[in-house]
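Protein chains in written order, with UniProt numbering: chain A, 1 to 431; chain B, 1 to 431; chain C, 1 to 431; chain D, 1 to 431.
Glycine is no exception: its CB is placed at the ideal position from the N, C-alpha and C atoms.
These notes are about the structure you will find just below.
4 protein chains.
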Amino acid sequence: MAYRDEQLHEEKVFKDPVHRYIHVRDRVIWDLIGTPEFQRLRRIKQLGTSYLTFHGAEHSRFNHSLGVYEIVRRIIENFRHRPFWNEEERLLCLTAALLHDLGHGPFSHSFEKVFGLDHEDFTRRIILGNTSVNQILQRVSPDFPKNVADVIHKTYPNKLVVSLISSQIDADRMDYLLRDAYYTGVSYGHFDMERILRVMRPMEDQVVIKYSGMHAVEDYIMSRYQMYWQVYFHPVTRSAEVILSKILQRVKELYESGYEFHVKPVHFLSFFNQEVNLEEYVKLDEAVVLYYFQTWVDEKDPVLSDLCNRFVNRHLFKYIEFNPNLQLKQWAELQQLFKKAGIDPEYYLEVDSSSDLPYDFYRPGEEEERLPIHLLMPDGELRELSRQSDIVESISGKKRTDHKLYFPMDFIEGLSERSKIKKRILEILHG
Amino acid sequence: MAYRDEQLHEEKVFKDPVHRYIHVRDRVIWDLIGTPEFQRLRRIKQLGTSYLTFHGAEHSRFNHSLGVYEIVRRIIENFRHRPFWNEEERLLCLTAALLHDLGHGPFSHSFEKVFGLDHEDFTRRIILGNTSVNQILQRVSPDFPKNVADVIHKTYPNKLVVSLISSQIDADRMDYLLRDAYYTGVSYGHFDMERILRVMRPMEDQVVIKYSGMHAVEDYIMSRYQMYWQVYFHPVTRSAEVILSKILQRVKELYESGYEFHVKPVHFLSFFNQEVNLEEYVKLDEAVVLYYFQTWVDEKDPVLSDLCNRFVNRHLFKYIEFNPNLQLKQWAELQQLFKKAGIDPEYYLEVDSSSDLPYDFYRPGEEEERLPIHLLMPDGELRELSRQSDIVESISGKKRTDHKLYFPMDFIEGLSERSKIKKRILEILHG
Amino acid sequence: MAYRDEQLHEEKVFKDPVHRYIHVRDRVIWDLIGTPEFQRLRRIKQLGTSYLTFHGAEHSRFNHSLGVYEIVRRIIENFRHRPFWNEEERLLCLTAALLHDLGHGPFSHSFEKVFGLDHEDFTRRIILGNTSVNQILQRVSPDFPKNVADVIHKTYPNKLVVSLISSQIDADRMDYLLRDAYYTGVSYGHFDMERILRVMRPMEDQVVIKYSGMHAVEDYIMSRYQMYWQVYFHPVTRSAEVILSKILQRVKELYESGYEFHVKPVHFLSFFNQEVNLEEYVKLDEAVVLYYFQTWVDEKDPVLSDLCNRFVNRHLFKYIEFNPNLQLKQWAELQQLFKKAGIDPEYYLEVDSSSDLPYDFYRPGEEEERLPIHLLMPDGELRELSRQSDIVESISGKKRTDHKLYFPMDFIEGLSERSKIKKRILEILHG
Amino acid sequence: MAYRDEQLHEEKVFKDPVHRYIHVRDRVIWDLIGTPEFQRLRRIKQLGTSYLTFHGAEHSRFNHSLGVYEIVRRIIENFRHRPFWNEEERLLCLTAALLHDLGHGPFSHSFEKVFGLDHEDFTRRIILGNTSVNQILQRVSPDFPKNVADVIHKTYPNKLVVSLISSQIDADRMDYLLRDAYYTGVSYGHFDMERILRVMRPMEDQVVIKYSGMHAVEDYIMSRYQMYWQVYFHPVTRSAEVILSKILQRVKELYESGYEFHVKPVHFLSFFNQEVNLEEYVKLDEAVVLYYFQTWVDEKDPVLSDLCNRFVNRHLFKYIEFNPNLQLKQWAELQQLFKKAGIDPEYYLEVDSSSDLPYDFYRPGEEEERLPIHLLMPDGELRELSRQSDIVESISGKKRTDHKLYFPMDFIEGLSERSKIKKRILEILHG
């Protein structure tokens, strides 16, 4: 039998708290799960620094990747024998679902920002490069690795396949909303996924939703909205992320300035030099990053040591609402005051902005094209969701942005009571 | 106001998926949670290697410690104004609950076995030593640290206080059964904790259970039984633990033999020398251990490299039922065959035994004294649980033991097909 | 001890699937639960005809009444020692919560429509009249019955007390959303009630919500919106209700025309005569109504027999979207066609409209005054919810109305195939 | 297409809180659900008088019957293409599952006891008699009704089919344990049904369980044990049942003695005469019974009136542990004392016994043959469950029996304080 069609002698089952069981029958999927590249995802948290806000959020990307695979598996089980669906693309869908986050590194957001990386680029490189994953994909067929990479990169010609994993209601989002809600324990992320799966229908170039399932979709979009603002953008989480970015920035600066590290940032060198090769990249997991942070608590550079101590022992920055675009003068003054007080604003004063667009449809001329969700009406027509749903219409296209200023309140409180600088800083911060 | 009575301006709340919310009002508890020693528990998994079997089991001891605290808080909220209960011991109970696992290291079981350590000893040392935790406890009162340590060590005179945290139905067990069931996703660990809390009553030297709650307790004991055999003793988890112990054993041997490490086991030296000081101990968290394991994959010693590769990339040992006491001859022969095949049995052949006693009452003359669970009958009398419950009686005092043999099947399969050794090994293993 | 302060020797506990346990300590509450008037609520379904759509929705108003009591109990437990809260009004709140639905009859909606009744009026009459409930309330104090009735009727001077039971986020709504979701099994009605209870604060004339709980309230409002459209207004449920109303209408007409019933509508006579006394009212529970419907299946009047058969055996009317205001001509034509076909449109053709206003604030000059939900901002100010929440703002004040036409498709299909009437009816119905 | 193979144009789905969704594709199943005989099950509570103890337990047999159908549907979906399974018997299994409780009347237990009926006999008569159900079954094939009846009656030759619905781990039990736990809200009845369904395998004459699923089965048996003693045998429920039986007994006696009823027991006449025809039987649902009970509260016979009042308004009998076999003398004395006090012991003094055998295997020579649960071992052998499971072994074959005495405490308390009879009765009752 061809490798691509090989079935396991007995179905393998993973116990999963979110989907109850994850079922694997294909040899290819089983082999991919066993690769070092995929196992590495166990050492990268799904929600980065969120565990410092929600102590339950310690789950890994390994968890989530299995979940996305399982959702796609269930969707296409329902697609069998339906028009527009080509059973030949089943394995491609499952594989792309499983591997879609393969290139994520530890605390991706901060690393990407500081070192100018792109995890999607690394997903592609792992799939196409000299890796165990690639070897397995090659065995399926010579063009299979590229197809998988193209689906993940959204350039695969069959957009129906792409939309399973990347659209405004895809397996990726459904899994992470449910999963992150489960592990954090918040009550927001719930929606009736089983119902949504039952009303999904394949069409020429996308998955659409039967009209009768519209309310389940509304619920999903509301969940998404709440999870973004209550969990993903939580200011305590962002505070930890600000510190993390500052650590990376400081290490890079120290390295470039010739600073003598007590414990050298060996695993980071290629990042500093902007020439990250694949082998080095996959070695950098969260354990390694935390090892360095912990040892750097004892470095003599006071900024690095302090920032690492803050991250490791969770002494985070405080925050206030602050929009530097509207408060230009205060922003400039604060930087001056910090300098005068001997607190380097480069590392200790940061504005972080979060913004979210809970749902949108394509508007000609806009930069980022968002594939709208389409409802399949009883008469066979397709209709864009927000034209049918009052709730969705009301939030459609409405971008909300929050700006917050992060700073070490303990430093400010530690300034001399008589200091005018302290008084003035507090005046500005307390509005 | 005395520090011990200080209340937070506003109650702090942690979102917890198991108990929904964890409530903190006492300044002392809040300060303890903020210490580096307590935050360190975020970097130690509650279930060690279980995440390699149940991918959801990635939660930390930080999680569990907050949970035990919360359960004790709820129990003693119900105790207020009841006979035998002394509200003066409230803070002591809460503190002991919060800190009871403070001395746990990474993968404690293996470390304790290989290096002859005892995590309870370290809990004591952290509480009594020169630590942030100790400073806070000192502020409560000079004898407070010792009292907390004594409660955890079960030597505190008031046994009622001790039994909240250490008995056959204590806050520790109730939390870990519910929590581990939640994160693994298994359906076994559920019981009606709310009901049990409602029927707990303080007595002179123990917590007892009102008779009307007996069935909830039966359910709890069954949950415990199932969790032990289905989760805690799962052979795949034990396989990972066997490998972990072998890594530690190998590193120690290499170190003692003067082997030149590419990446030196700096953090382990005091462990090898059996002189672990507190400062070094608390630095060794799971991130550090995983950092070493990952770097040692590239060590030139083939055994160390192979074992680390197995652990990091989850290439575990296979297992069969095997009782070396009953199968002495095969045991000896297997060791010989492994040696002949060039597979060092010291590192690649191991028997691991699990045994559990789901419930027991004290029997005079026995080594380990187990405090029985007592029911408070409607007539005010106390009665040992198994005398009242058929179910509990039926499993009471029945120890069950499983023996399994672990070995690298891939090595054996890799032996030459013509080899008689291979054939004979497989014969023995397949019974 | 005064009766109003009497506590039960031991707390009584009801197992409740929604709130886990319902706790009763007050003798007055316990006595009220035991009255025939309250026990009667066991024989009246909470959701009327919804069980014909959602088979799980068989729960009674007894269930719900206990739930509302429990929620109020929890709210005011948090209010103790807070400003604006008067512990003297505790028992009044609990009693009003427990009894707020006491006057509901079977399938209230239809009975009220056909016979011009008002269940709130009967609640008042049971509380103030010659009943077991009244006797118990009298024992508390002579003015207690009136106070309870006034709270339920929203005329009690202390609006804080009123708002616990009647406002846009009261105990009544919170219980029914959670409870109806639980029993129907739909996934919409969930929101974090525990969080909402924690952020409720008493103020001078209302309960307000701390700003930090805004998102839980948004979730609650969305749940409400979804439950209305997915459950409460479900067209199959409305179809059963249409038939029920038609039965009542027919029985009344037959009675007034002197028809000789095989089984006389003894229990209905006072309803026909518009002089319903209390004693007769409380005797009419769902069992009695269903007894009549079942026996009337065998009545010789074909309309009554057919309608009863439809209700008892669930042969419901079909429905289409139809707005008679916009489709005046078709509406008139349909009625003509039905008459020609020998199907009395008075009983077999009905438009039913549902409309809902998910949230609104007071607008001067409007008929129905709706108390807005106020957020308590960090600076102590109060702010109307929709000014703070984008989501709520977007649906605030937006009334949505659905019109549906109900008719017996089986009758129409049973018309002769050659009939032009049949053809024309189907043309209109299929749009 | 043959009627037996007809599929619905679109799958029908029932929202179910226990199984989430119940799926119907077969036209035959859909038609059966629509019959008056099946719809009648909506008017019969699954747990009889349990709602007077657990207010949530108001669900009907309609609910449960759909649930059993759904479980069988899922089981045999897994059986397809497996040895021993004949897809030809699919519809038979589904139909028997759906209809297995069709003959249940209101409060079956009491009716069967007082009037010597057997609900299984009525199930058979409805299936084979002149009913809508029978017409549908006839359309499938002339012998189909008999086959369905035989499966339910356990006389069908293929025991594999029988065991799906009647064995110690069948769809009937799995559904009622989960469902009754859900509606009562107790935490006992949970077990991992999904896992059990996955490990069920068809064999020659029974369904067996793969060894790897043994622990899920242990959990199921423990759930069963707890549900029996905590829910089904709850003494408050039994108290209501005792009263119910006494009402039926009294009505019968009054009827036979020529008593003139104010409201005649028309629906009961054939029951008194022991000649219940099918038509009359299916008319007697719970609404009808409750209608009579309510009207009989006003009957002039004081016993009937009192008993009906007790049932309708939940003034139940109290109870104590009492074994008349061991306490013969007290039993006789109590009856004398009651007579002297003017309380008819025939109606006001009753011993009720409950006994349960949580699991058993066949023991030669025993009256009731119980099909044991067999495990399918890895080597292909079958093994009786209790030989493999310590837990099950420990409770296997152990029958537990409880005896309770029920009596109207309010009557006794109402006796004159000076009465020696009262004193003596209380002495005996209080042991």
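- In this structure, the straight-line span from the alpha carbon of A96(C) to that of R74(C) is close to 15 Å.
- Listed along chain D, no residue sits closer than 7 Å to R125(C) by beta-carbon distance, the nearest being about 19 Å off.
- By the Cβ neighbour-count rule, K246(A) is buried, with 16 or more other Cβ atoms within 10 Å of its own.
- Closest in C-alpha terms to V186(A), from the list K422(A), T401(A) and G56(A), comes G56(A).
- Scanning H374(B), E280(B) and L244(B) for the CA closest to the CA of H315(B) turns up L244(B).
- Think of a sphere of 9 Å around the beta carbon of Y21(D): the chain A residues whose beta carbon falls inside it are E194, R195 and R198, in chain order.
- Two segments are said to touch when three or more pairs of C-beta atoms, one from each, lie closer than 8 Å; by this definition the stretch 27 to 44 of chain C touches the stretch 126 to 136 of chain C.
- The C-beta of V114(D) comes no closer than 9 Å to any C-beta of chain A.
- Nearest to D356(D) by C-alpha distance, out of V289(D), L164(D), R400(D) and I71(D), is R400(D).
- Among the bridge pairs identified by DSSP, M200(C) is matched with I209(C).
- For M222(D), the nearest CB of chain B lies under 9 Å from its own CB, placing it at the interface with that chain.
- Listed along the chain, the chain C residues whose CB falls inside 7 Å of the CB of K398(A) are D390.
- Residue range R61 to F79 is occupied by the alpha helix (DSSP H) that includes S65(D).
- At a cut-off of 9 Å between beta carbons, R238(C) makes no contact with chain D.
- For the C-beta of H234(B), not a single chain D residue is nearer than 7 Å; the gap to the nearest is close to 11 Å.
- Boundaries cannot be given for Y188(B), as no alpha helix (DSSP H) includes it and DSSP labels it neither H nor E.
- When the beta-carbon positions are compared, D285(A) and L8(B) stay at least 9 Å from each other.
- For V231(A), not one C-beta of chain D is nearer than 9 Å to its own C-beta.
- A direct Cα-to-Cα measurement between T123(B) and L254(A) gives close to 38 Å.
- In terms of CA proximity to I33(C), L98(C) leads the group K340(C), E70(C) and L98(C).
- Annotation: F191(C) to S212(C) spans about 15 Å, alpha carbon to alpha carbon.
- In this structure the stretch 177 to 185 of chain B does not lie against the stretch 137 to 146 of chain B, because fewer than three pairs of beta carbons, one per stretch, are closer than 8 Å.
- Residues of the stretch 46 to 62 of chain C with a Cβ closer than 9 Å to any Cβ of chain D, in chain order: Y51, L52, T53, F54, H55, G56, E58, H59, S60 and F62.
- Close partners of Q226(B) in chain D (Cβ separation under 8 Å): H215, E218 and D219.
- Residue environment: T155(A) is assigned as exposed (fewer than 16 neighbouring CB atoms within 10 Å of its CB, all protein chains considered).
- Look at Y359(D) here: in three-state DSSP terms it is coil, with no helix or strand label.
- Shown here, D298(D) sits in coil according to DSSP, grouped into three states, outside any helix or strand.
- A Cβ-Cβ contact shorter than 9 Å links G105(C) with Y281(C).
- D180(D) sits in a helix when the DSSP states are folded into three classes.
- With a threshold of 9 Å between beta carbons, F14(C) makes contact with chain D.
- D5(C) is the residue among T53(C), K45(C), D5(C) and F54(C) whose C-alpha sits nearest the C-alpha of W30(C).
- According to DSSP, F14(D) shares a beta bridge with I22(D).
- Note that the C-beta distance between R42(C) and F62(C) is below 9 Å.
- With fewer than 16 other Cβ atoms from the protein chains shown falling within 10 Å of its own Cβ, V263(C) counts as exposed.
- Residue contact check for S187(C) against chain A: a CB pair falls below 9 Å.
- Take the alpha-carbon of H119(C) and the one of V217(C): they are about 29 Å apart.
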